[in-house]
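Chains as they are written, first to last, in my numbering: chain A, 1 to 434; chain B, 1001 to 1303; chain C, 2001 to 2285.
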């Protein structure tokens, strides 16, 4: 009998031992509140800079400590959903992509902050940014980073090919690409992020709307499988078949596109803003000084139908998690992040969200703030108004997955563009009905 | 009370059993403690429709989740793909492993270094393996393209990971690089343990090297082969990490495996009921494998 | 005669060459990439050996204050975490698992077979399935982001694995030794600790090796359960080299080499035991 007790005690001791190993002491006894913020490790502000903002905030608010966590985009969504399974939630606030609010609001993750937004904020920040976080008149987050897809080209290559101006339509692009290819300047003049991730839907959005199409019609039914959508997808495949689009695009994400463009392997690359500054970074890029912006082309058919420009919105914002025990402190921090003071200070790294910064004297200052701003700021002002949104539905992730699959199937020749898009449309209808 | 075994007590078996339980207690405590609740929880979850979110209402749907999966074409395609991965991967590992095991066994020059080197790919973490192969397969800058190009085997760089029919095979190669050494080493150790005399007798009788291998050594290796086979089959069927890193299931879901599908449902799509049902379908398959394992392995051994 | 023998040896040696190539080509490429800077990495045609080799990638990892991105900074900590966690898991598994393995192999009792089946069955469940329930439990116990949570959750697959391996090994210990000890008056526990364990040291060591590698390799649980430096492990750190806009392939390769070093070292040091362990498990089952 005694042996049983001995062994039981041993086991319990082991369990406690397990508890003691690797136990980091919990934060000190009640004192400052610590809020946990999850954010993307991305271009815009570097983690070191965001850390600095956090420290500045803590200096001004001694009773709040900010713990920032940085993760790659691919992991953020999963981390948020698992984090919310816990009580209290693992994060008090998180950076959310423009395509997530509907899903998260339906799941009850996001805190309604309509009453916390001051009129000053409401009027001073771009309406388009507020749209990204407002649903049914309620605001669920604080805008943070505005980003759209830009059309960038290598001006040296165009010059060498004898092309004087960047293309205004996708059809012109094909002609220019053919010229560049025939002259042997690069083998595959165009590169895209068409791998089976969200990026391909972004690119498709640009082309779809540029053709006068749209994701859903006025009744909310899928419209991307109509002739305009099919044309856009067929065009995509055609450029690969014609040897103009780099076939590796089908397995490339935005980073791979940037790598390709930076290495001088392409003449035209559609990508987010970060590609421009990376292209001018001598430690990484072979094409320093050669990258240039042009307004995103549209299809001739789209132009005829009155489409003046087309891009896709890839902004992100900060949202407070609904079950956080510290909504006030968290809001304080978010407001600080968005404050004009902080935004202007770091306007060199990241375009500010305040309209005033883009007007008059401030605009000039903004343009002069960094070597790249004189180019990027006008490009932003030019392209941003044409940013299209992807469908704002709660089941977006699954819908997007169906569309990603369809596009990939068409691009790899597994299905015809019409069949592939029809299947995706059917899935969207099914999801809407659930 | 010390347990005294020298006196034959009628309750010997009971005392033995008590000791067995004592020895097993800590392990069972840990294993059950960690897995019991999650398994039960997941099991129950599979019978509900579980919308993501806080304070969501769970509706009991009976077997609907299972039926939905069994009726879904993607599910069956994925099972097919996963089986393809399993069979090809394990098959190749077995053949290559056997060949290399025999090679080592034949003691060529540098055989010790060979055995030593085999451990390295196996010790490299799966994630590193995946990242490394992804870079090797890179369409624009990868080593595979570079090598084939310089050998004159291809004229243009090939976008390997975008080819729907090649992608899975490439993932298999990456997986084999990592796990074949395990099979090779197991089989080599088994070979080393085989009695020499049978082999020598056969040689004296005039059997050539091939015959000796095929008819004498191979049958004796059967237990070892079976172990390697079963372990690798179960692991291959549940493959996830390497697909996550190299292809994320693409292109066009051509490398989507059943565990990855479960992950997508549970995490990306927020359909936990379906994810739970899928988990049990996977577990069912692998438990069947476990039964096969027990049945084959606990046969009376022939010497 | 000896001419034939030499030809045969030569032939066999030639056969080993493709195997060596298969093993080392990727590794050498990995190593070469880790010594490159970003511009060289993206060269066409390919630079097999970097023209401007640099140790900068490694320096970034070891001297993080100089690094541009946050990820290299955290890598060294992740390395330490992995070592801590894998070691703890191994230690507990051997300690606790060896007892269980012995009971299952040598002591006949009613539930012996069922427990064996049950233990093997737990290993069959994919990690993905158990993550969410485990996460909920772990967070309610405030264990998230601490190494302890990984140590505990890893038990779910490491312990059954360890038990199975050690059971296979114990079966190869000649029963005569145990019978002799019993005749000498040894209690069951005495046999275990004084006879079986000492003989089984190679088997225990090889199991420890397997378990260490298993724990080191684990990715998914680590990804979900940890994020802050307190507990992040190496596989997660590697995956994080692919941030949204920050893809640092040469850094990732350097990290990859470093991530592979401890397990490879451990494997190489204990390789004698692995081979022996495998024999036992394989032949006798």
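Positions of the beta carbon are idealized from the N, C-alpha and C atoms, including for glycine. Because the structure is a prediction, the values reported are computed rather than measured.
Asked: Closer than 7 Å at the beta carbon, the chain B residues around residue 2122 (chain C); Found: 1031 and 1035
Asked: Proximity of residue 410 (chain A) and residue 96 (chain A) at Cβ, strictly below 9 Å; Found: no
Asked: Residues that residue 245 (chain A) contacts on chain B, provided the C-beta gap is smaller than 9 Å; Found: In chain order: nothing, as chain B lies at least about 11 Å away.
Asked: Under the three-state DSSP convention, the category residue 1027 (chain B) falls into; Found: helix
Asked: Beta-bridge pairing of residue 154 (chain A) - partner residues as DSSP gives them; Found: A:291
Asked: Uninterrupted beta strand (DSSP E) stretches inside the stretch 244-295 of chain A (no shorter than 3 residues); Found: 268-271 and 291-294
Asked: For residue 1256 (chain B), the three-state DSSP class (helix, strand or coil); Found: coil
Asked: Residue 70 (chain A), DSSP secondary structure in three states; Found: strand
Asked: Residue burial classification, residue 2005 (chain C) (beta-carbon count within 10 angstroms, cutoff 16); Found: exposed
Asked: Whole-Å CB distance - residue 1059 (chain B) paired with residue 1048 (chain B), under 8 Å assumed; Found: 6 Å
Asked: Complete runs of the beta strand (DSSP E) confined to the stretch 130-190 of chain A [at least 3 residues]; Found: 142-145 and 150-154
Asked: Completely contained alpha helix (DSSP H) runs for the stretch 1164-1245 of chain B, where each covers 4 or more residues; Found: 1167-1192, 1196-1204 and 1222-1237
Asked: Minimum Cβ-Cβ distance from residue 85 (chain A) to chain C less than 9 Å; Found: yes
Asked: Candidates C:2180, C:2144, C:2122 and C:2166: closest to residue 2155 (chain C) by CA position; Found: C:2122
Asked: Of the residues B:1295, B:1283, B:1173 and B:1274, the one placed nearest residue 1067 (chain B), counting alpha carbons only; Found: B:1274
Asked: Beta-carbon gap between residue 2085 (chain C) and residue 2239 (chain C) smaller than 9 Å; Found: no
Asked: Partners in chain C for residue 265 (chain A), counting only beta-carbon separations shorter than 9 Å; Found: 2042 and 2044
Asked: Residues from the stretch 1154-1185 of chain B in contact with chain A, defined by Cβ distance under 7 Å; Found: 1159, 1161, 1162 and 1164
Asked: Residue 2005 (chain C), DSSP secondary structure in three states; Found: helix
Asked: Residue-chain proximity (residue 75 (chain A), chain C), Cβ-Cβ < 9 Å; Found: yes
Asked: Pick from A:385, A:405, A:199 and A:420 that is closest to residue 131 (chain A), judged by C-alpha positions; Found: A:385
Asked: Any chain A beta carbon closer than 9 Å to residue 1052 (chain B); Found: yes
Asked: Residue 2014 (chain C) versus residue 2008 (chain C): straight-line alpha-carbon distance, rounded; Found: 10 Å
Asked: Segments assigned beta strand (DSSP E), at least 3 residues, entirely inside the stretch 372-431 of chain A; Found: none
Asked: Which of helix, strand or coil DSSP assigns to residue 1125 (chain B); Found: coil
Asked: Residue closest to residue 2143 (chain C), alpha-carbon to alpha-carbon, out of C:2083, C:2160 and C:2231; Found: C:2231
Asked: Residues near residue 1232 (chain B) in its chain [Cβ-Cβ closer than 7 Å; skip 5 each side]; Found: 1090, 1093, 1179 and 1183
Asked: For residue 18 (chain A), the three-state DSSP class (helix, strand or coil); Found: Residue confidence for residue 18 (chain A) is low, a pLDDT of 41 falling below 50, so the modelled location carries little weight; the figure read from the coordinates is stated next. Correct three-state label for residue 18 (chain A): helix.
Asked: Cβ of residue 2224 (chain C) within 9 Å of any chain A Cβ; Found: yes
Asked: Validate contact between the stretch 339-354 of chain A and the stretch 148-159 of chain A using beta carbons, cut 8 Å, 3 pairs; Found: no
Asked: Supposed contact pair residue 212 (chain A) and residue 302 (chain A) - C-beta distance, whole angstroms, cut 8 Å; Found: 4 Å
Asked: For residue 196 (chain A) and residue 220 (chain A), the rounded distance between their alpha carbons; Found: 25 Å
Asked: Segment contact flag, the stretch 2159-2166 of chain C with the stretch 2087-2103 of chain C, C-beta cutoff 8 Å, min 3 pairs; Found: yes
Asked: Short Cβ contact (9 Å threshold) for residue 2132 (chain C) with residue 1046 (chain B); Found: no
Asked: C-beta neighbour in chain A for residue 2200 (chain C), strict 9 Å; Found: no
Asked: Cross-strand partners of residue 438 (chain A) (DSSP beta bridge); Found: For residue 438 (chain A) there is no data in the structure shown, the boundaries of chain A being 1 and 434.
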